[in-house]
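Engineer:
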Amino acid sequence: MTKTITRVVPAGARPAPERTDTAPPARRGPGNRPSVLLSKAGVTAMLGLAALYTLLPMLWLVLSSTKSREDLFATNGFAPGKDFALVDNLRYLFEVDDGIFLRWLLNTILYAGVGSLLATVFSVAAGYAFDKLNFPGKEKLFSFVLLGVMVPGTAMAIPLYLLAAKAGLVNTFWGVFLPGLVFPFGVYLARVFSASYIPNEVLEAARVDAAGEFRTFCRIALPMIAPGFVTIFLFQFTQIWNSFFLPLVMLSGKDLFPVNLGLYVWYSSALSQGHPQDYLLAIVGSLVSVVPLVVLFLMLQRFWKSGMTAGAVK
1 MTKTITRVVP
11 AGARPAPERT
21 DTAPPARRGP
31 GNRPSVLLSK
41 AGVTAMLGLA
51 ALYTLLPMLW
61 LVLSSTKSRE
71 DLFATNGFAP
81 GKDFALVDNL
91 RYLFEVDDGI
101 FLRWLLNTIL
111 YAGVGSLLAT
121 VFSVAAGYAF
131 DKLNFPGKEK
141 LFSFVLLGVM
151 VPGTAMAIPL
161 YLLAAKAGLV
171 NTFWGVFLPG
181 LVFPFGVYLA
191 RVFSASYIPN
201 EVLEAARVDA
211 AGEFRTFCRI
221 ALPMIAPGFV
231 TIFLFQFTQI
241 WNSFFLPLVM
251 LSGKDLFPVN
261 LGLYVWYSSA
271 LSQGHPQDYL
281 LAIVGSLVSV
291 VPLVVLFLML
301 QRFWKSGMTA
311 GAVK
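In the UniProt record's numbering, the protein residues as written are 1 to 314.
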């Protein structure tokens with residue numbers, strides 16, 4: 001049974017208009033129109049330009065590596081070599097000067113691979129300590145870490161050289177390897193990842209079970225922060241692999257050169273002494289030096305993506 005409710009309207013009063021669920025869309029004035037750059041077409045165009053800016057140098061590098069020394073300057077830069085001499089160029093690259101390029105490549109793998117792995121372990125441990133442990137002067141020490149983030153690496157090359165000269169590490173493997181173990185930005189990222197990935201309740205449960213701090217970090221915290229570990233590793237690996245100014249200041253013997261410094265020597269020789277074969281060696285060597293970075297990012301991209309999006313969704 002339903003009841004009908006009748007609204008009584010006083011005499012002389014006008015009934016209120018009925019409300020509708022849908023309202024007409026408000027018209028946009030000339031000042032409310034979205035910017036052309038923020039429209040879908042504008043964003044697509046900007047992304048296309050960014051992709052061209054990134055891919056065109058790589059395309060030029062690949063195509064130039066297929067040319068012979070005669071075709072390098074006689075053909076269009078974005079045209080492949082007439083004889084497709086990529087295999088011959090790679091063979092010449094690894095045979096010149098008794099295989100010095102392979103030595104440079106192995107040096108760079110040691111500098112970047114081992115150095116970035118140790119730097120990541122130290123950074124994650126320090127970030128975990130700054131986030132989960134309480135000790136006197138913690139925030140003041142972390143302020144010094146942030147200060148180290150703001151100082152560019154090139155500004156530290158000369159002070160590091162002077163310290164290495166007093167310690168007798170100039171023109172040695174350790175003179176380039178040891179500075180790569182310090183990564184202030186990695187400590188900052190590790191603290192952020194520790195706060196996002198590691199619940200305090202899990203650590204409290206481990207401490208109740210009589211687990212020490214070191215065991216708690218190795219057995220519980222470190223596996224939980226694995227995406228952040230990979231992200232920090234990739235950042236430091238790329239930074240050391242692309243390092244140039246510190247090896248330039250620190251090293252004088254060719255046997256200790258990383259790839260970047262060796263390619264610079266070949267390129268300088270081509271410009272100053274007019275050796276076109278050195279110019280071709282610099283181009284083909286640059287292509288080979290990019291391959292490990294691409295392979296590493298493709299192998300670890302799953303962890304890197306999850307690490308970069310940490311904390312984006314709650």
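Glycine residues also receive a C-beta, built at the ideal position from the N, C-alpha and C atoms.
Whole beta strand (DSSP E) runs in the region 228 to 259 with 3 or more residues, listed along the chain?
Structural biologist: Counting whole runs of 3 or more residues, the region 228 to 259 contains no beta strand (DSSP E) stretch at all.
Engineer: Output needed for Met127: all residues of its chain with C-beta closer than 8 Å, excluding positions within five of it in sequence on either side, in chain order.
Structural biologist: Reading off the sequence, residue 127 comes out as Gly, not Met. Same-chain partners within the cutoff: Gly186, Val187, Tyr188, Leu189, Ala190, Arg191, Val192, Phe193 and Ser194.
Engineer: Once DSSP output is grouped into helix, strand and coil, what is the label at Ala312?
Structural biologist: Low local confidence applies: a pLDDT of 45 at Ala312 is under 50, so the model's placement there is unreliable, with the coordinate-based value given in what follows. Residue state, collapsed to three classes: coil.
Engineer: Going by other Cβ atoms of all chains shown within 10 Å of its Cβ, with 16 needed for buried, is Pro159 buried or exposed?
Structural biologist: It counts as exposed.
Engineer: Between the beta-carbon of Leu280 and the beta-carbon of Arg69, is there less than 8 Å?
Structural biologist: For Leu280 and Arg69, yes; Cβs fall inside 8 Å.
Engineer: By how many angstroms is the C-alpha of Met224 removed from the C-alpha of Val182?
Structural biologist: Answer to the nearest angstrom: the Cα atoms are 23 Å apart.
Engineer: Decide yes or no for the touch test of the region 102 to 119 against the region 248 to 264: beta carbon pairs closer than 8 Å, at least 3 of them.
Structural biologist: Verdict: yes, contact present.
Engineer: With a 10 Å radius around its C-beta and 16 neighbouring C-beta atoms as the bar for buried, classify Pro276 as buried or exposed.
Structural biologist: Classification for Pro276: exposed.
Engineer: Taking its Cβ as the centre, do 16 or more other Cβ atoms sit within 10 Å of Lys314, making it buried, or is it exposed?
Structural biologist: Below a pLDDT of 50, predicted positions are generally treated as unreliable, and Lys314, at 43, falls in that range; no measurement from the model is reported.
Engineer: Just to confirm my understanding: we take Thr238, look at its own chain, exclude 5 residues before and 5 after, and list those with CB closer than 7 Å. What are they?
Structural biologist: Within the same chain, Thr238 has close Cβ partners Leu293.
Engineer: Under a Cβ-count criterion, where at least 16 other Cβ atoms within 10 Å of its own Cβ denotes burial, should Met299 be classed as buried or exposed?
Structural biologist: With fewer than 16 other Cβ atoms within 10 Å, it is exposed.
Engineer: Under DSSP, the alpha helix (DSSP H) around Gly81 begins and ends at which residues?
Structural biologist: It is not in any alpha helix (DSSP H) - Gly81 carries neither H nor E in the DSSP assignment.
Engineer: Can you give the Cα-Cα distance for Asp255 and Asp98, rounded to whole angstroms?
Structural biologist: Each residue's Cα considered, the two are about 11 Å apart.
Engineer: So Val176 and Met250 are in contact, right, with Cβ under 8 Å, and what is the actual spacing, rounded?
Structural biologist: Their Cβ separation, rounded to whole angstroms, is 5 Å, which keeps Val176 and Met250 in contact under 8 Å.
Engineer: Sorted by chain position, which residues of the same chain lie with C-beta nearer than 6 Å to Leu52's C-beta, five sequence neighbours on each side aside?
Structural biologist: Cβ within range, chain order: n/a, list empty.
Engineer: Can you confirm whether Val294, when its beta carbon is compared against all beta carbons of chain B, has any partner nearer than 8 Å?
Structural biologist: This model lacks chain B altogether, as it is built from one protein chain only.
Engineer: Does the Cβ-Cβ distance between Leu61 and Ile283 come in under 8 Å?
Structural biologist: In this structure, Ile283 lies closer than 8 Å to Leu61 by Cβ.
Engineer: Alpha carbons only, please: which of Thr216, Thr66, Val149 and Asn89 is nearest the one belonging to Gln236?
Structural biologist: Per the Cα distances, Val149.
Engineer: What residue range does the alpha helix (DSSP H) around Pro57 cover?
Structural biologist: Counting along the chain, the alpha helix (DSSP H) containing Pro57 begins and ends at Lys40 to Ser65.
Engineer: Grouping DSSP H, G and I as helix and E and B as strand, with all else coil, what is Ile109?
Structural biologist: DSSP places Ile109 in helix when its eight states are reduced to three.
Engineer: In angstroms with no decimal places, state the Cα-to-Cα distance between Ser123 and Asn171.
Structural biologist: Computed Cα separation, rounded: 27 Å.
Engineer: Once you ignore the five residues that flank Leu110 on each side, which residues in its own chain have a CB closer than 8 Å to its CB?
Structural biologist: Here the set comprises Phe173 and Phe177.
Engineer: Pick helix, strand or coil for Gly168, following the three-state DSSP scheme.
Structural biologist: In the structure shown, Gly168 sits in coil (DSSP, three-state: anything other than H, G, I, E or B).
Engineer: Can you name, in chain order, every residue of its own chain whose Cβ lies under 8 Å from the Cβ of Leu287, other than the five neighbours on each side?
Structural biologist: Counting only Cβ-Cβ distances below 8 Å, and skipping sequence neighbours, we find Leu61, Val62 and Ser65.
Engineer: Per DSSP, what kind of secondary structure is Gly137 in: helix, strand or coil?
Structural biologist: In this structure, Gly137 counts as coil in the three-state DSSP scheme.
Engineer: Would you call Asp131 buried or exposed, if buried means 16 or more other Cβ atoms sit within 10 Å of its Cβ?
Structural biologist: Burial call: buried.
Engineer: Are Phe257 and Asn134 close, meaning C-beta to C-beta below 8 Å?
Structural biologist: No, the Cβ-Cβ distance between Phe257 and Asn134 is not below 8 Å.
Engineer: Leaving out five residues before and five after Val295 in sequence, what residues of the same chain have Cβ atoms less than 6 Å from its Cβ?
Structural biologist: Around Val295: no qualifying Cβ.
Engineer: Quick one: residues in its chain with C-beta nearer than 6 Å to the C-beta of Trp266, no 5 flanking neighbours on either side, listed in chain order?
Structural biologist: Cβ neighbours of Trp266 beyond the five flanking positions: Asp278, Leu281 and Ala282.
Engineer: Whole-angstrom Cβ separation of Ile240 and Gly115, contact assumed at under 8 Å?
Structural biologist: Their Cβ separation, rounded to whole angstroms, is 5 Å, which keeps Ile240 and Gly115 in contact under 8 Å.
Engineer: First and last residue of the alpha helix (DSSP H) that includes Phe177?
Structural biologist: Start and end: Phe173 to Phe177.
Engineer: So, at 7 Å on beta carbons, what are the nonlocal neighbours of Lys67 in its own chain, with the 5 sequence-adjacent residues on each side left out?
Structural biologist: The residues are Thr75, Gly81 and Ala85.
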